[in-house]
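S.K.: My questions all concern the structure below.
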Amino acid sequence: MPEPMGFYTDTTVCIGCKACEVACKEWNQLPAINGGQNTLSGDSYDNTRRLDGINWRHVKFIEQFAPQGPSPAGSAPQGRWLMMSDVCKHCVQAGCLEVCPTGAIIRTEFDTVVIQADVCNGCRDCIAACPFDVIDINPVTNTAQKCTLCYDRMQANLVPACAKACPTASIQFGTIADLRSRADQRVAQLRGQGVPAYIYGDERMLGGLNSFYLLIDRPGVYGLPANPQLPSRNNLPSWLLSIGTAVIAGLLGLVAFRKGRMDAVTPAARGGEGV
Amino acid sequence: MLPFRENPVEWGWLVYLEMFIAGVAAGAYATAALLEANGRGNSPVARTGHLLAFPLVVLAGILLTVDLHRPERFWHMVIASEVFTPILKLWSPMSFGSWLLLLFGFWTFVSFLDALIARRRLTLWGWRADRTLHGTPLGLVWSLIGAVIAFFLGSYSGVLLNVTNFPGWGHSIMIGAMFVATALVTGMAAVLLIEALRRQTDWGDVAGIVRATVVLVAWQLLLVLAFVVTLGRAGLPVFFTGGSLVAILLAIAFGIVVPLILGAPIANPRVHSGRVALFAALILVGGFLLRAAVVMGPQHG
């Protein structure tokens, strides 16, 4: 049995080159947005906009500059860029996998989460269930799709295309145990330099994200939920409330029906009896 | 939970209609079961419930299938492709709901045939108008089991919305409970509307159903309020904007408040059959608007 595998993304060394996006698109034969006739988003250098059915990697550009304009001559610029190559988190406790009614979403031998395009029927429940807004319909296959962590390449002992293409080793691929050790060392190094680095996606988050991140600002700044939760947290309470309501409604209906019928059943009020 | 979602789930008009129609089917069957529990399983009102439930649940299944992005794979909901074995994930409301639709379809089909035979529209070997299922002890058991399935069918779509990470749907756990009440009142309203227009019915049973509907519409109002209260500050803005807000307000005004005013004084539905029809029609419209608003809000809010 292979060890759990995944991605560790060190956002502090991402340079926003988008090589990962290109490599992912090319390897997975994903189509261009709108047949290549894409309009500019107006959001920094980000025209990919989001993770969806045809973009399984997305480099986010976060500009943190003061709104008053350029810094005075000779002084250091007041602000910074944050860049982050986002991808499916391959959660150990995956909401998409829980709700998928067809069994199209599976956990692989590498502990990653993959949608089988030949099984998915496009019900879209997984889109609503994912806490990270990762999954979307691919308009070519008409099925839900997302990063497979290059399952086909992993089966051939190859590194996923994005990690292979990353020039700065911002995206690292390996066994989860090894990646977490590397990440801890990097966090310690950065904290030693006064950078408030931390790991997003440790074991406390949905059992651990097999694609986890080193961040230096709040999760919300990167468009990530601070406390992602499984959709199934609502399952039992919602069913119990529904059953309770059904019982009360049944009893109310029964009593009210009897009362209404008794009041009305007089020779004047009654009509025919036939079926 | 993310404050807003970018990838659209695209549950639109087909889903609004499916959820509404499945609810009406469940409610109509539960209405018939309520009558049967009072020894009225063979009454014309109960038979209308039996005749309504099956075609509506078939229609709901068709709408669900058409809404899939790969409708030819609708059977993957209940049969695992490649291995061809049944697939049921009890913890997945959509998987559970698919099985409920199938089971309810079978259950209502039997009652549908029984109603056709009772009304002498069909003959099937030994199954004759004077030997029908409903109106017997076995029919009572059949009805009560069917009512349990109907209640689950009426609520599963609400639970399904709760079991997501969409703002609004994931915030209040009252959606399933609210949908149970909506299913029951719209099912009763559908039966009442037909009986009021048909006029050849048992008016005593109609009076009982009118009274039960009024009480349950009031109960539904309480559940709607509980839903709003439990949304909290994060979930409330999702529903209280744009089309969703308009639909909720219309649903409360014309689907709940006006029917309560109209329905409460109806003591003799035979004399006031027009009023019964209006009362029922408004509840149906309100039930649709309420379900549509709940499904629409988080997608557009």
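Same order as they appear, the protein sequences are chains A and B.
Residue numbering for the first sequence follows this note's numbering, beginning at 1 and increasing consecutively.
Residue numbering for the second sequence follows this note's numbering, beginning at 1001 and increasing consecutively.
Ideal Cβ placement from N, Cα and C applies to all residues, glycine included.
Owing to the predicted nature of the structure, the values given are computational and were not obtained by experimental measurement.
Strictly under 8 Å for the Cβ-Cβ distance: is W27 (chain A) near chain B by that measure?
M.R.: No, no contact with chain B.
S.K.: Within the same chain, show all residues whose beta-carbon is closer than 8 Å to that of R1120 (chain B), passing over the 5 residues directly before and after it, in chain order.
M.R.: Hits under 8 Å: A1129.
S.K.: Could you check how far apart the C-beta atoms of Q145 (chain A) and A117 (chain A) are, in whole angstroms? I think they sit under 8 Å.
M.R.: With a Cβ gap of about 7 Å, Q145 (chain A) and A117 (chain A) count as contacting.
S.K.: When Cβ atoms are compared, which residues of the stretch 1024-1044 of chain B fall closer than 7 Å to chain A?
M.R.: Here the close residues are L1034, A1037, N1038, N1042 and P1044.
S.K.: Of all the options A:L230, A:G207, A:V255 and A:L190, which has the alpha carbon lying nearest to the alpha carbon of V1214 (chain B)?
M.R.: Of A:L230, A:G207, A:V255 and A:L190, the residue nearest in Cα terms is A:V255.
S.K.: With 8 Å set as the bound, which would you pick, yes or no: does the beta-carbon of T102 (chain A) sit closer than that to a beta-carbon of chain B?
M.R.: It does; some Cβ of chain B falls within 8 Å.
S.K.: Which residues bound the beta strand (DSSP E) around F173 (chain A)?
M.R.: I171 to T175 is the extent of the beta strand (DSSP E) around F173 (chain A).
S.K.: Could you pull out every residue in the same chain whose Cβ sits closer than 7 Å to the Cβ of G1297 (chain B), ignoring the five residues on either side in sequence?
M.R.: Answer for G1297 (chain B): G1168, V1238, F1239 and S1244, listed in chain order.
S.K.: Below 9 Å on C-beta distance, what does S232 (chain A) contact in chain B?
M.R.: Under the 9 Å cutoff, chain B gives W1091, S1092 and V1163.
S.K.: Measure the beta-carbon distance from I216 (chain A) to V195 (chain A) and round it to whole angstroms, keeping in mind my assumption that it falls under 8 Å.
M.R.: Between V195 (chain A) and I216 (chain A) the Cβ distance is about 6 Å, and since that is below 8 Å, they are a contact.
S.K.: Let me know if G272 (chain A) comes out buried or exposed under the rule of 16 or more other beta-carbons within 10 Å of its beta-carbon.
M.R.: With a pLDDT of 47 at G272 (chain A), under the threshold of 50, the modelled position of that residue is not reliable, and no figure is offered here.
S.K.: Please report whether the beta-carbon of W1127 (chain B) lies at a distance below 8 Å from any beta-carbon of chain A.
M.R.: Judged by the 8 Å Cβ criterion, W1127 (chain B) is not in contact with chain A.
S.K.: Measure the CB-CB distance between T1108 (chain B) and F1054 (chain B) and report whether it falls below 8 Å.
M.R.: The answer is yes: Cβ separation under 8 Å.
S.K.: Would you list, in chain order, the members of the stretch 118-135 of chain A that have their beta-carbon closer than 9 Å to a beta-carbon of chain B?
M.R.: Of all residues in the stretch 118-135 of chain A, D118, V119, C120, N121, G122, C123, R124, D125, I127, A128, A129, C130, P131, F132, D133, V134 and I135 have a Cβ within less than 9 Å of some Cβ in chain B.
S.K.: In whole angstroms, give me the CA-to-CA distance for A23 (chain A) and I33 (chain A).
M.R.: Cα to Cα, A23 (chain A) sits roughly 16 Å from I33 (chain A).
S.K.: For a minimum of 4 consecutive residues, which ranges assigned as the alpha helix (DSSP H) are wholly contained in the stretch 133-162 of chain A?
M.R.: Complete alpha helix (DSSP H) runs here, min 4: 151-155.
S.K.: Out of curiosity, what's the CA-to-CA distance linking G1023 (chain B) and P1093 (chain B)?
M.R.: Spanning the two alpha carbons is a distance of roughly 15 Å.
S.K.: Name the DSSP beta bridge partners of T9 (chain A), please?
M.R.: Bridge partners of T9 (chain A): A:I171 and A:Y213.
S.K.: Out of A:W81, A:V119, A:Y151 and A:V87, point me to the one whose CA is closest to F132 (chain A)'s CA.
M.R.: Comparing Cα positions, the closest option is A:V87.
S.K.: Considering only DSSP beta bridges, list what L179 (chain A) is partnered with.
M.R.: Paired residues: none, contrary to the question.
S.K.: In terms of residues, what are the limits of the beta strand (DSSP E) holding I1209 (chain B)?
M.R.: Premise fails: I1209 (chain B) lies in the alpha helix (DSSP H), W1203 to F1239, not in any beta strand (DSSP E).
S.K.: In chain order, what are the residue ranges of uninterrupted beta strand (DSSP E) at least 3 long that sit wholly in the stretch 47-99 of chain A?
M.R.: Here the runs fully enclosed are 58-65 and 79-86.
S.K.: For a contact meaning CB atoms closer than 7 Å, what does N55 (chain A) contact in chain B?
M.R.: Those do not exist, as N55 (chain A) stays about 11 Å from chain B at its closest Cβ, beyond 7 Å.
S.K.: Can you confirm whether L251 (chain A), when its beta carbon is compared against all beta carbons of chain B, has any partner nearer than 8 Å?
M.R.: L251 (chain A) does not count as touching chain B.
S.K.: Just by C-beta distance, which residues in the stretch 236-248 of chain A are closer than 8 Å to chain B?
M.R.: Residues P237, S238, W239, L241, S242, I243, G244, T245, A246 and I248.
S.K.: Let me know if M154 (chain A) comes out buried or exposed under the rule of 16 or more other beta-carbons within 10 Å of its beta-carbon.
M.R.: Classification of M154 (chain A): buried, given that the 10 Å Cβ count is 16 or more.
S.K.: Name, going along the chain, the residues of the stretch 1224-1235 of chain B whose beta-carbon falls closer than 7 Å to a beta-carbon of chain A.
M.R.: Flagged: no residues at all.
S.K.: So is V1009 (chain B) buried or exposed if we call it buried at 16+ other beta carbons inside 10 Å?
M.R.: By the neighbour-count rule (16 or more Cβ atoms within 10 Å), V1009 (chain B) is buried.
S.K.: Among the residues of its own chain, which have a CB less than 7 Å from the CB of I171 (chain A), if the five just before and after it don't count?
M.R.: Excluding sequence neighbours, I171 (chain A) sits near F7, T9, C20, S85, C162 and A163.
S.K.: Along chain B, which residues have their Cβ under 8 Å away from the Cβ of I137 (chain A)?
M.R.: What I137 (chain A) touches in chain B: E1010 and H1069.
S.K.: Shorter than 8 Å from the beta carbon of I1209 (chain B) to some beta carbon of chain A?
M.R.: Yes, I1209 (chain B) counts as interfacial toward chain A.
S.K.: How do the stretch 1069-1077 of chain B and the stretch 112-128 of chain A stand: do at least 3 beta-carbon pairs fall below 8 Å, yes or no?
M.R.: The stretch 1069-1077 of chain B, when compared against the stretch 112-128 of chain A, does touch it at the 8 Å Cβ threshold.
S.K.: Is there a C-beta anywhere in chain A that falls below 8 Å from the one on W1107 (chain B)?
M.R.: For W1107 (chain B), the answer is no, since every Cβ of chain A falls outside 8 Å of its Cβ.
S.K.: Go ahead and pull the three-state DSSP assignment for W239 (chain A).
M.R.: DSSP places W239 (chain A) in helix when its eight states are reduced to three.
S.K.: Can you give me, in chain order, the residues of the stretch 1069-1086 of chain B that have a beta carbon less than 7 Å from any beta carbon in chain A?
M.R.: Those would be H1069, R1070, R1073, F1074, H1076, M1077, A1080 and S1081, in chain order.
S.K.: Less than 8 Å between CB atoms is the rule here; does G260 (chain A) satisfy it with respect to chain B?
M.R.: By this cut-off, G260 (chain A) is an interface position.
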